[in-house]
Every structure is written in C-alpha cells, then in structure tokens.
Amino acid sequence: MKIHQSGYTLVELSVVVALAGMVVLGSIAGATSLLRQQTIKELSAQNGDAIQRITDVYAQLPSYDGLSLRQAVSFGAFNRFVITDRATDKVTVTHPLRGAVGVAPLNDAPALIWGLYMDAIPAELCADLLFHSAPIADALVVFPGGMGAPNGWTRNFTVNTNVPEIAISAGFSVAAPRIAKNLTQDLVPTALASACQDAGSNVGVLLLKSKLR
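Each residue of the sequence shown is one higher than the last, beginning at 0 in numbering that gives the first Met the number 0.
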C-alpha cells in the first residue's frame, strides 16, 4: 500500500524562499532607484529656483561683483534649503543631501561668472545630477572627493572671454576639478562619464552662470 505525501519538499521550499527573496530585493532596488531619481529632480528644481532668483537680481547689472552667500539668502534664493544664521556673516546653507552650499563670483574683474557649489554629493548621484543640471547651468564642474570650503572653488580658475570658456590651472592640493560642460558647450555623455568616473565616494558639483553667453 502506497502512502501519498502532501505538501512541499525541502528543495521546493528553498526555491520558493529564494524566489521570494529575489522579488523583495528587486522591489527594494526599484524603490531605491525611484527615490534617488526623485531626490535629484527635487534638488535640481531647487537649484534652478536659486539660480533664477540670483540671475534676476543681477540681470541689469554689468557684473556679479559683491555676490555672497548671505546676499543670495537675502534674495530668497535658498528658501527650500536648510539655512542657519541667516542674517549674519556666518550664514550657512545645507542642500537636501546634507552637504554644504557655497555661492561666489569667479575671481576675475569684473566678475562675469558666478557659481553655486554643492559639497558631499554621493558619487553614485553625480551623473544624474549633472544631467539634470545641464539645462540650468552654463558650465558644470566636478570636484573629486568634494571640497571642505564651500567657496574654495574660486581658486585656480581662469576665463578666456574670447571663446568664452573656463580653464583650470595648476595648484590644487587635491585632485583637480573636472569640467563636464564648458560655457559654449552642451553636456555630452563622454564628458559626463569622465567627470564622474573614479571620483571617490562623494563629489562636489559646481554650477556656473555667466554674462558671457
């Protein structure tokens, strides 16, 4: 007389558990990717708003001389960011990814270029942020490893007003910044990939606006 067993074997249960785990991991990865994309879109929108407010203030002025983070805050440029010591010279701004924000004109005279710098951007978000920032910035620069001083980016940049274009001179004590998009160029995939490749665990990203275009 044969005895028929019901239910699943250990092997079958193992397969089911493995498949369920793959589904869960896939769902988590998908949710993480969507969250990351949403974060980048929101950050890009906030950056666009900040850039537009500063651009509007300086639209009728011949240069960006005197622009500072405190001034930008007073213009309402970063109302969607975290701001501390708003009305003092020690004002700080923190972007949604919890890194420092800096605003300053380039050190030329007159200052025809200014930049919005964001530190501590996770390296895996570098390419996405550059892609979404391209329409709102005239030039894009990546700082491998980030930068401790939010306005330290103003060092070692030169401007050729005839082209126009920016260039990076020697003198950085850490890895030299990488230009992903210059003033008269569009963002191309090869430049984007090169700027973000092997840049460390986090990067600084600089969005430049110019009166030369």
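Every residue, glycine too, gets a C-beta built ideally from N, C-alpha and C. All values reported here derive from a predicted model rather than from experimental measurement.
Take Asn150, set aside five residues on each side of it, and the residues of its chain with a beta-carbon closer than 6 Å to its own are Gly101 and Ala103, in chain order. Our two residues, Val204 and Gly98, have alpha carbons roughly 11 Å apart in a direct line. The residue among Ala174, Ala136 and Leu124 with its C-alpha nearest the C-alpha of Asp185 is Ala136.
When the beta-carbon positions are compared, Ala174 and Ala194 stay at least 9 Å from each other. Under the three-state reduction of DSSP output, Asn161 falls in the coil class, being neither helix nor strand. By the neighbour-count criterion, in which a residue is buried when 16 or more other Cβ atoms sit within 10 angstroms of its Cβ, Ala198 is buried.
Beta-bridge partners assigned by DSSP to Arg177: Val141.
For Leu129, no beta strand (DSSP E) segment is defined; the enclosing uninterrupted segment is the alpha helix (DSSP H) at Cys125 to Ser132. By the criterion of at least three beta-carbon pairs nearer than 8 Å, the segment 31-43 is in contact with the segment 112-128.
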